[in-house]
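Peer 1: Below is one structure. I have some questions about it.
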Amino acid sequence: MRIAIFTDAYPPFVNGVSTSSFNLANCLKANGHEVLVVAPRFTDGKLELIDNVLYVPGFYLKNLYGYRMTNIFAYKPLKIIKKFMPEVIHNQTDFTIGFLARRCAKKLKLPIVYTYHTSYEDYTYYVTRGLMDRFAKRFVRLYSKDLAKRMTEFITPSVKTKEYMRSVGSDAYINIIPTGIDFSIFKKEQIDQVKMAEFKKEHRIYPNTKVFLLVGRLAREKSMDVSLKCFAMYHQKYPEVDKKMLILGDGPDKGELKLLIEDLNIRHLVTFLGQVNSLEVPFYYHLVDIYTSASITETQGLTFMEAMAAGKIVLARFDSNLTGTIINGKTGFFFTDESSFVTQVEKIFTMTDEQKEEIINEAYRTVDTYSIDKFYKNILRVYKRAIRNFW
């Protein structure tokens, strides 16, 4: 089968949609399918086709979540996509690249599968800056409902996202297919131990150092300020414990977060590592004792699954969307505020090795549900039905 995947995020850019699109393309190719990925350029340049990825140029919207606007009416991308002759289009995004996907589907008379990765109600403030935000959220709800109606097949990665679509009035058939993860790259055997020893030496991470990790875009919806305040409270209660917080990612709130750690008096404990290539991310999970996040806008919680696949204890702010993956005290831990964060950290650091091993093993069994093989079988079933129903 020939599949064209349209996405507004693709490596080296790092976020959940990028990971999902990359994993999707790889698992399809590994199973003998032909894949063309259509994605925006994150550097200036011309339209280019490199290793079956069609990079579409555009311009950078600095104040709009770092979004890159592409020209949906350009003739050349359509010409290249037509030459590829896809049998189905899989759209992973909205707006310019998403518009291009829908334009191609209409022009080439092709079925279109759509994965609803992002609840845009959580992001309207990037456009409104607080002005008429209520109106913007209403528009997003109507837009999402209409979008589902236009697709040949509609996918959400979680029950929470499906429930959201029902809440906006959509009666479209919805497939729930969590993003598949290639767990093999998170195994300890894949990690360069020499590089790890050098990193620990450079960053003064000793055998007794308690290391926490945050991974994600440094932006308001990820609630990294909440995580840092929780970490600061733990430090306030246990100043004698050698500890560090590593933050992997970049984004518009980096400056504010740096000011916050000054105010919280934890600057000496926090290291901003910046954005790294997605293939390097597993290395950082293996540096830490606890992976934590306070984000409650995740549609699936990929980073939690990655941390669990790396054999790490996860500590998440409670969100109903995560209850299928994180079972408190069995596969990980939940917190609701700064006080409960400290309580859970105390519990984690006083567990025996056997108790930790039990949680890690149970977490392994849970995330196996999201294996790349199961993901592939579910996606292929949807593609076949889309083609059959379209004709």
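Residue numbers (my numbering): 17 to 407. Yeah, the Cβ is synthetic: ideal placement off N, Cα and C, and Gly gets one too.
(1) How would you label N68, buried or exposed, when you count the other beta carbons within 10 angstroms and need 16 or more for buried?
(2) Considering only residues of the same chain and omitting the five flanking positions on each side of F100, which have a CB-CB separation below 6 angstroms?
(3) Find out if the Cβ-Cβ distance for the pair R233, N394 is shorter than 8 angstroms.
(4) Go through its chain and collect everything with a Cβ distance to F349's Cβ below 8 angstroms, but skip five positions before and after it.
(5) Got a sec? Which residues, its chain only, sit under 7 angstroms from F38 by beta carbon, not counting five neighbours each side?
(6) Specify the secondary structure class of M174 as computed by DSSP and reduced to three states.
(7) Could you say if the stretch 302-312 and the stretch 276-294 meet the contact criterion of at least three C-beta pairs nearer than 8 angstroms?
(8) How many angstroms separate the CA atom of C120 from the CA atom of E205?
(9) Considering only residues of the same chain and omitting the five flanking positions on each side of I221, which have a CB-CB separation below 8 angstroms?
(10) If I follow the unbroken alpha helix (DSSP H) through I277, where does it start and stop?
(11) Indicate the three-state DSSP secondary structure (helix, strand or coil) for G114 in the structure shown.
(12) Return the CA-CA distance between V242 and A379, expressed in angstroms with no decimal places.
(13) DSSP three-state call for S387: helix, strand or coil?
(14) For K238, count neighbouring Cβ atoms within 10 angstroms of its own Cβ and tell me buried if that reaches 16, exposed if not.
(15) Which whole-angstrom value describes the C-beta separation of V156 and L126, a residue pair presumed to lie in contact below a C-beta threshold of 8 angstroms?
(16) What are the partner residues of A55, as DSSP defines its beta bridges?
(17) What do you reckon, are the CB atoms on Y300 and L229 nearer than 8 angstroms?
(18) Under the rule that 16 or more other beta-carbon atoms within 10 Å means buried, what is D24, buried or exposed?
(19) Are three or more beta carbon pairs between the stretch 375-392 and the stretch 191-210 nearer than 8 angstroms?
(20) Are there 16 or more other CB atoms within 10 angstroms of the CB of Y200, so buried, or fewer, so exposed?
(21) Alpha carbon to alpha carbon, how far is A41 from P93?
(22) Work out the CA separation of I375 and A213 for me, nearest whole Å.
(23) Tell me, which residues are paired with L65 by DSSP?
(24) Which runs of the beta strand (DSSP E) at least 3 residues long sit entirely within the stretch 154-212? Give them in chain order.
(25) Around the C-beta of I102, are 16 or more other C-beta atoms found within 10 angstroms, so that it is buried, or is it exposed?
(26) Between the Cα of D305 and those of G185, L276 and A326, spot the shortest distance and give me the residue it belongs to.
(27) Quick check: what's the CA-CA separation for I403 versus T352?
(28) Since I306 sits in a beta bridge, which residues does DSSP pair it with?
(29) Taking the alpha-carbon of I192 as reference, which of P298, S174, Q209 and T225 has the nearest alpha-carbon?
(30) In angstroms, rounded to a whole number, what distance separates the CA positions of F406 and T168?
(31) Based on the DSSP output, what are the partners of Y392 in its beta bridges?
Peer 2: The short version:
(1) Translated into positions along the sequence shown, residue 68 becomes position 52. A residue is called buried once 16 or more other Cβ atoms fall within 10 Å of its Cβ, and N68, having fewer, is exposed.
(2) Position 84 of the sequence shown holds residue 100. In chain order, L52 place their CB closer than 6 angstroms to the CB of F100, counting only its own chain and leaving out the 5 sequence neighbours on each side.
(3) For the purposes of this step, residue 233 is taken as the residue at position 217 of the sequence shown. For the purposes of this step, residue 394 is taken as the residue at position 378 of the sequence shown. Judged by their CB atoms, R233 and N394 are not nearer to each other than the 8 angstroms cut-off.
(4) Residue 349 sits at position 333 when you count from the first residue of the sequence shown. Cβ neighbours of F349 beyond the five flanking positions: I329, V330, L331, A332, I342, Q360, K363 and I364.
(5) For the purposes of this step, residue 38 is identified with residue 22 of the sequence shown, where counting begins at 1. So the list reads Y26, P27 and S294, once near-sequence residues are dropped.
(6) As a first step, residue 174 must be located in the sequence shown, where it is residue number 158. Here residue 174 is Ser; the residue named in the question, Met, does not match the sequence. S174 falls in the coil class under three-state DSSP.
(7) The way I'd put it, the stretch 302-312 doesn't touch the stretch 276-294; fewer than three beta-carbon pairs between them come closer than 8 angstroms.
(8) Taking the first residue of the sequence shown as position 1, residue 120 is located at position 104. Taking the first residue of the sequence shown as position 1, residue 205 is located at position 189. Near 43 angstroms, if we compare the C-alpha coordinates of E205 and C120.
(9) Against the sequence shown, residue 221 aligns to sequence position 205. Hits under 8 angstroms: F215, V227, K260 and L303.
(10) Counted from its first residue, the sequence shown places residue 277 at position 261. For I277, the enclosing alpha helix (DSSP H) has its first and last residue at K270 to D279.
(11) In the sequence shown, residue 114 corresponds to position 98, counting from 1. Helix at G114.
(12) Numbered from 1 along the sequence shown, position 226 holds the residue referred to as residue 242. Numbered from 1 along the sequence shown, position 363 holds the residue referred to as residue 379. Cα-Cα distance, rounded: 25 angstroms.
(13) The residue labelled residue 387 in the question sits at position 371 within the sequence shown. Annotated three-state conformation of S387 is strand, per DSSP.
(14) For the purposes of this step, residue 238 is identified with residue 222 of the sequence shown, where counting begins at 1. K238 should be labelled buried.
(15) Here residue 156 is taken as the residue at index 140 of the sequence shown, counted from 1. Here residue 126 is taken as the residue at index 110 of the sequence shown, counted from 1. Not really, about 26 angstroms apart at Cβ, beyond 8 angstroms.
(16) Position 39 of the sequence shown, counted from the start, is the residue given in the question as residue 55. In the DSSP secondary-structure assignment, A55 is bridged to Y71.
(17) For the purposes of this step, residue 300 is taken as residue 284 along the sequence shown, with counting starting at 1. For the purposes of this step, residue 229 is taken as residue 213 along the sequence shown, with counting starting at 1. With respect to L229, Y300 sits close: the two C-beta atoms are nearer than 8 angstroms.
(18) Here residue 24 is taken as the residue at index 8 of the sequence shown, counted from 1. Under a 10 Å Cβ-count criterion, D24 is classified as buried, with 16 or more other Cβ atoms of the shown protein chains found around its own Cβ.
(19) Segments in contact, yes.
(20) The residue labelled residue 200 in the question sits at position 184 within the sequence shown. Here the sequence assigns Ser to residue 200, which means Tyr is not the residue at that position. Taking all protein chains shown into account, S200 has fewer than 16 neighbouring C-beta atoms within 10 Å of its C-beta and is therefore exposed.
(21) As a position in the sequence shown, residue 41 is number 25, starting the count at 1. As a position in the sequence shown, residue 93 is number 77, starting the count at 1. Their Cα atoms are separated by approximately 19 angstroms.
(22) Sequence index remark: in the sequence shown, residue 213 carries index 197 (1-based). Sequence index remark: in the sequence shown, residue 375 carries index 359 (1-based). Those two C-alpha atoms are separated by around 26 angstroms.
(23) Taking the sequence shown and counting its residues from 1, one reaches residue 65 at position 49. DSSP, once it has assigned bridges, lists L70 as partnering L65.
(24) Inside the stretch 154-212, DSSP marks whole beta strand (DSSP E) runs of 3 or more residues at positions 169-172 and 190-192, from first to last along the chain.
(25) For the purposes of this step, residue 102 is identified with residue 86 of the sequence shown, where counting begins at 1. Checking the sequence shown, residue 102 turns out to be Pro, not Ile. Answer is buried; the Cβ neighbour count reaches 16.
(26) Taking the first residue of the sequence shown as 1, we reach residue 305 at position 289. The option with the nearest alpha carbon to D305 is A326.
(27) On the sequence shown, position 387 is the one that residue 403 refers to. On the sequence shown, position 336 is the one that residue 352 refers to. A straight-line Cα-Cα distance of about 45 angstroms links I403 and T352.
(28) For the purposes of this step, residue 306 is identified with residue 290 of the sequence shown, where counting begins at 1. Partner(s): F228 and I329.
(29) As a position in the sequence shown, residue 192 is number 176, starting the count at 1. Out of P298, S174, Q209 and T225, S174 has the C-alpha closest to the C-alpha of I192.
(30) The residue labelled residue 406 in the question sits at position 390 within the sequence shown. The residue labelled residue 168 in the question sits at position 152 within the sequence shown. Using only the alpha carbons, I get a separation of about 7 angstroms.
(31) Working through the sequence shown from its first residue, we reach residue 392 at position 376. Y392 has no beta-bridge partner at all, per DSSP.
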